[in-house]
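Below is one structure; the comments refer to it alone.
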Amino acid sequence: MSTLFWSPEQAVHDVDPKASELQHPEAYESIRSAIQALDQELFDLSHDIHAHPELKFEENHAHDVLTAFMEKEGFEVTRHHLLDTAWVAKYTRGTGGRVLGVNSEMDALPGIGHACGHNLIAIAGVAVACGVKAALDKLDIAGSVVLLGTPGEEGGAGKAILLDKGAYQGLDACLMCHPAPGPPCSASLSGCLARQRIDVEFFGHTAHAALSPWEGQNALDAAVLAYTNISLLRQQLKPTHRVHGIFEGKDWTPNIIPDYAKMIWYVRAPTRPEVEVAVKRINACFEGAALATGCRVKVELGNGTFELRQNKALGDDFADVFSKTVGPVDYEFGISHASTDFGNVTYAMPALHPSFAIPTLGGNHTIAFTEAAASKEAHAACLNISQALAMTGLRVLMDDGFCSKVRSGMGGHSSSCLQGLC
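For the sequence shown, full-length UniProt numbering gives the first residue as 1, with consecutive numbering after it.
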């Protein structure tokens, strides 16, 4: 995944070289016009969220400004929906139509703010919903668009929680997008890795570290040994797997043998079953460390997320629209080695999660990406993909044949299937 900077002229959102070749050019034009009319307001909204970074399930400012914006745009808004900082905005035209779901993420990362560009994801959801609403009105199409404000993506699996609480019931399909490094004016339909969080606690016994160390059981030693065990295990894990973790402790001082240490680990693999196999091997590392140090260990599985299963019909249509109006689409990069709780949504219904390239000197979860997420070029790229994604979403509502294809392919496909290689 390359990192690069673009010149401003490479990121304009008025580039529709082949828009007339689309199956429904008038629908696309109504979407494009509506989103372009909100350009400055969306830019201001993105910067407001970017300037007020909030951690998972604490997105109070983002909740308030996003719901106020959607209410202003004529949506029926429910605040604090099922979770304190979740929300839903719905617009319905006519009766008897289908229902399109869209997602907006809002949370930031500790210490480095919006280093995954959730300010852009937030306004992309708004833009898609507003674009679809405008097209429903202009073309007199019966249907509904539902925008879900989904908190806690960064380590909280907020969408998985909302899915269990019924927030996605009644949707015929669901869409969202995500920024990543990449070539100018490009998008990606790659998958991502499934992920499992593991919380590990080691319990030992304190002692004076110099006077009588033999009286203690060193919980920090247990954690260090577990870390070393996993580092050695990595040699026997597949290159597609990822395991990474951190230490936490309390009341640590050099002259007291620590009686408590905590570790938080993420285990990732291309599929959920592969994650489950890897977790068993990781757990053995914790147990061995506890046995060697005489400590007690407690292992708890935290939230788990699934890999993305991109819907083929949605992916094919999005690729057609994006390539004709913006630029190339690949099936490899994007967030292929990261994870998202939207993977759980793709297992529950037809769904699509493309990535879009923004100019950055560093990848996701870096300070450089935080800075890039506030740039005009990133905003332009965000509106580019929002227009294409809204057009694909609109087809779910307006095209019976297309919707049938979407439903028949809801089991999901790998990126190679999306290229027609399966």
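No residue lacks a Cβ here, since even glycine has one placed at the ideal position from N, Cα and C.
Remember, predicted model here, so these are calculated numbers, not experimental data.
Are the region 387–405 and the region 198–215 touching by the rule of at least three beta carbon pairs closer than 8 Å?
no
Return the CA-CA distance between serine 33 and aspartate 251, expressed in angstroms with no decimal places.
59 Å
Spatially closest choice to glutamate 377 from Leu389, His365 and Thr360, by CA coordinates
Thr360
By the DSSP assignment, the alpha helix (DSSP H) with alanine 380 in it spans what residues?
376–398
Cα-Cα separation, alanine 11 to methionine 70:
Legend: pLDDT at alanine 11 = 46, less than 50; position of this residue unreliable, value from coordinates given subsequently. Approximately 26 Å, taken between the alpha carbons.
CA-to-CA distance, lysine 138 to glycine 94, given in whole angstroms
12 Å
8 Å contact criterion, which asparagine 311 and glycine 409 should meet: CB distance rounded:
5 Å
Counting beta carbon pairs with one atom in the region 287–297 and one in the region 323–338, are three or more of them shorter than 8 Å?
no
Beta strand (DSSP E) runs wholly inside the region 233–274, at least 3 long, in chain order:
242–248 and 260–269
Leaving out the 5 sequence neighbours to the left and right, which residues in its chain are closer than 6 Å to alanine 124 when beta-carbon positions are compared?
Cys177, Cys382 and Ser386
To the nearest angstrom, how far is it from the Cα of glycine 156 to the Cα of aspartate 84?
13 Å
Leaving out the 5 sequence neighbours to the left and right, which residues in its chain are closer than 6 Å to alanine 223 when beta-carbon positions are compared?
Phe202, Phe247, Ala261 and Met263
Using the rule of at least 16 other Cβ atoms within 10 Å of the residue's Cβ for burial, across every protein chain shown, is leucine 314 buried or exposed?
buried
Quick one: is serine 20 buried, meaning 16 or more other Cβ sit within 10 Å of its Cβ, or exposed?
exposed
Between serine 78 and alanine 209, what straight-line distance do the alpha-carbon atoms span, to the nearest angstrom?
The sequence as given places threonine at residue 78; serine does not occur at that position. So the alpha carbons of these two residues sit roughly 57 Å apart.
Reduced DSSP category for glycine 158 - H, G, I as helix; E, B as strand; rest coil
helix
Rounding to the nearest angstrom, what Cα-Cα distance links serine 188 and histidine 63 in this structure?
28 Å
Considering aspartate 199, what are the terminal residues of the beta strand (DSSP E) in which it resides?
194–203
Euclidean distance between Cα positions of histidine 80 and alanine 89:
11 Å
Just how far apart, CA to CA, sit histidine 118 and leucine 237?
31 Å
Whole-angstrom C-beta distance between serine 355 and alanine 115, which should lie under 8 Å:
Not a contact, Cβ separation roughly 15 Å.
Per DSSP, what kind of secondary structure is glutamine 217 in: helix, strand or coil?
strand
Helix, strand or coil: which one does DSSP assign to cysteine 174?
strand
For glutamate 371 and glycine 113, the rounded distance between their alpha carbons
9 Å
9 Å Cβ cutoff met for histidine 47 and alanine 374:
yes
Helix or strand or just coil, what does DSSP make of leucine 189?
coil
Please determine if the region 162–178 and the region 335–351 are in contact, where contact requires at least 3 C-beta pairs separated by less than 8 Å.
yes
Looking only at C-alpha atoms, which of Asp400, Asn218, Phe369 and Ala357 sits nearest to isoleucine 257?
Asn218
Near arginine 242, what residues of its chain come up, given a Cβ to Cβ distance below 6 Å and the 5 sequence neighbours on each side ignored?
Arg268
Nearest to phenylalanine 286 by alpha carbon, out of Leu233, Val65 and Gly182?
Leu233
Just the Cα atoms here: how many angstroms apart are glycine 245 and phenylalanine 57?
21 Å
Validate contact between the region 99–108 and the region 146–154 using beta carbons, cut 8 Å, 3 pairs:
yes
Are there any heavy atoms of the ligand HEM lying less than 8 Å away from the beta-carbon of phenylalanine 69, as far as the coordinates show?
This structure lacks the ligand HEM; in fact it carries no ligand of any kind.
Compare the C-alpha of isoleucine 98 against each of Ser186, Gly191 and Val146 and name the closest.
Residue identity check: residue 98 is arginine in the sequence provided, not isoleucine. It is Val146.
Measuring straight from C-alpha to C-alpha, what distance separates isoleucine 141 and tyrosine 227?
57 Å
Under the three-state reduction of DSSP, which class applies to lysine 90: helix, strand or coil?
strand
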